[in-house]
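S.K.:
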Amino acid sequence: MTHVTDTSSAYENLRLELRRGCLALAVLGALRAEQYGYSLRKILADRGMAIDENTLYPLLRRLETQGLLVSEWREEDKRNKRFYRLSHDGTLVLRQLLADWQSINTSLSAVL
Amino acid sequence: MDLLDRYLHAVKFWLPKAQRQDIVSELSEDIRSQIEDKESELGRALTEAEVETILIRIGRPVLVASRYLPQRHLIGPALFPIYVFVLKIVTACYLVPWILVGIGLLVYSPGYPAAHGGGWFGPLGTIWGGFWMTALLAIGAVTAVFAALERGASRPHFLENWSPRKLPPVRDPNRIPRATSIVELAANIVFASWWVLFMSTPTVLDRPGIQITLAPVWIYFFWGYLILAAVNVAMAGANLLQPNWTRTKAGLRLVTNLCGSAMFCVLCQSDILLTISLAIDGSPNGQRIADAINMWASRALPFAVGVGLLVLVVDVRRLISSQAD
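If you're matching them up, the sequences are chains A and B in order.
For the first sequence, the working numbering assigns the number 639 to the initial residue and increments by one for each residue that follows.
For the second sequence, the working numbering assigns the number -14 to the initial residue and increments by one for each residue that follows.
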């Protein structure tokens, strides 16, 4: 029983680690077009990359602090929303990350 | 929306002032959008219980706020193993001796218990309280130094400028350094010579003005330690020729150390000093000195046992890790 619990906990930790890097890439990719937080969450969820609010908003702030995103508050449907999009640096970094991603994917396919 | 406002207010409380409004506005917009989506799906307004379910899923306010804060640690993962290592050294070299001194005061100093409330509980309380204060100060000082290092500019320099050439060589625990064997050989030969020349009879000192006589039982200790010294000389010679701990050699060292420690413990309890005669004082004083030395030898027994046990632990570990012959 303990062994099963340990295995599932190890799986959960590894899954989270695997997802963490992928999420940043998915968010950068999705923000090639401008989105506000909730619409971004919906787009990602529709494409199988569900992300909860406690993960997304801190991640958006980190990416913005790193200069990869720019944001602005705007009114839409009578509500103030914060819209995000890729900055110039963000576009360059996304291009590099996508190349790395392809390379990792190719390597993994060869290994697995 | 009273429930949502209360929730957002609670999240706001835990956030840094500069970002509070910004974060809460964004979170508020997200939660309101979730509620609206659910309402359009159900075709009615959500009940308070349904809003509560959404908020419970999002999480406790303090945890939600914590996700926006920078990761904080007093001592980071790079320095932490060194920090733990230093704490172990502080415990072994500072706190353990401190406890031993406390126990020594309690056992050997008659005035100490009386000065701290008498009996056992008063002095024990003083030692215990003092120990915790000392431990707190020592651990606090080490932690403060490491926290300063963590934040200081010296950390990257200290951790990044290194060379594999400066790492210590790998030491074979079964290897006996030749220098150790030579020192052991010389020390045992010197000891055995001195022992035979000066300690072979109970009258160990007989000079004008001072005579020291040991109890007749001394003769057993004399032969016992002489045999041990002879065995040690033979072992040091063997170690010099074949500088590795084998199971036989490690076992023999365990037996000799066990015998030596046991004999020393018996010696402490044997009232070994029979008389000391001092010409200047006359015999009554000499007898008092002999009695005092015997009493202190007897009182040293717990320390002799403690040191003996430590030596035996080292010997047993060596025996376990030694190679088969």
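Glycine residues also receive a C-beta, built at the ideal position from the N, C-alpha and C atoms.
Measuring alpha carbon to alpha carbon, tell me which residue in B:47, B:17, B:52 and B:51 is nearest residue 35 of chain B.
M.R.: Considering only B:47, B:17, B:52 and B:51, the residue with the shortest C-alpha distance to residue 35 of chain B is B:17.
S.K.: Sorted by chain position, which residues of the same chain lie with C-beta nearer than 8 angstroms to residue 23 of chain B's C-beta, five sequence neighbours on each side aside?
M.R.: 31, 35 and 39
S.K.: Does the CB of residue 651 of chain A have a neighbour CB from chain B at under 8 angstroms?
M.R.: no
S.K.: To which residues does DSSP link residue 719 of chain A through a beta bridge?
M.R.: A:712
S.K.: Please report the straight-line C-alpha distance between residue 682 of chain A and residue 723 of chain A, rounded to a whole angstrom.
M.R.: 15 angstroms
S.K.: Per DSSP, what kind of secondary structure is residue 740 of chain A in: helix, strand or coil?
M.R.: helix
S.K.: Which of the three DSSP states, helix, strand or coil, is assigned to residue 689 of chain A?
M.R.: coil
S.K.: What in chain A is Cβ-close to residue 18 of chain B, meaning under 8 angstroms?
M.R.: 676
S.K.: So that I know if they touch, is there some Cβ in chain B lying closer than 8 angstroms to that of residue 692 of chain A?
M.R.: yes
S.K.: Kindly list, in the order they appear in chain B, the residues whose Cβ is closer than 8 angstroms to that of residue 717 of chain A.
M.R.: Those are 14 and 17, listed as they occur along chain B.
S.K.: Along chain B, which residues have their Cβ under 9 angstroms away from the Cβ of residue 722 of chain A?
M.R.: Within 9 angstroms Cβ-Cβ: nothing; residue 722 of chain A doesn't reach chain B, min ~10 angstroms.
S.K.: For residue 679 of chain A, is the classification buried or exposed, using 16 other Cβ atoms within 10 angstroms of its Cβ as the cut-off for buried?
M.R.: buried
S.K.: How should residue 673 of chain A be labelled, buried or exposed, when 16 other C-beta atoms within 10 angstroms of its C-beta is the threshold for buried?
M.R.: Buried is the call here.
S.K.: Would you check if the region 221 to 231 of chain B and the region 167 to 183 of chain B touch, i.e. whether three or more CB-CB distances between them fall below 8 angstroms?
M.R.: yes
S.K.: Report the neighbours of residue 53 of chain B on chain A: residues whose CB is nearer than 8 angstroms to its CB, in chain order.
M.R.: 695, 696 and 699
S.K.: At 9 angstroms on the CB atoms, spell out the chain A contacts of residue 47 of chain B, in chain order.
M.R.: What residue 47 of chain B touches in chain A, judged by beta-carbon distance under 9 angstroms, is nothing: the nearest beta carbon there is about 12 angstroms away.
S.K.: In three-state DSSP terms, what is residue 732 of chain A?
M.R.: In the structure shown, the three-state DSSP call for residue 732 of chain A is helix.
S.K.: Go to residue 195 of chain B, then tell me how far its beta strand (DSSP E) extends in each direction, as first and last residue.
M.R.: Looking at the DSSP string, the run of the beta strand (DSSP E) that includes residue 195 of chain B is 195 to 199.
S.K.: Is residue 189 of chain B helix, strand or coil when you go by DSSP?
M.R.: For residue 189 of chain B, the three-state secondary structure derived from DSSP is strand.
S.K.: Please classify residue 674 of chain A: does DSSP put it in a helix, a strand, or coil?
M.R.: strand
S.K.: To which residues of the same chain is residue -8 of chain B closer than 6 angstroms at the C-beta, ignoring the five residues directly before and after it?
M.R.: 40
S.K.: According to DSSP, is residue 302 of chain B part of a helix, a strand, or is it coil?
M.R.: helix
S.K.: By the three-class DSSP mapping on this structure, what secondary structure does residue 217 of chain B have?
M.R.: Note: residue 217 of chain B maps to helix in three-state DSSP.
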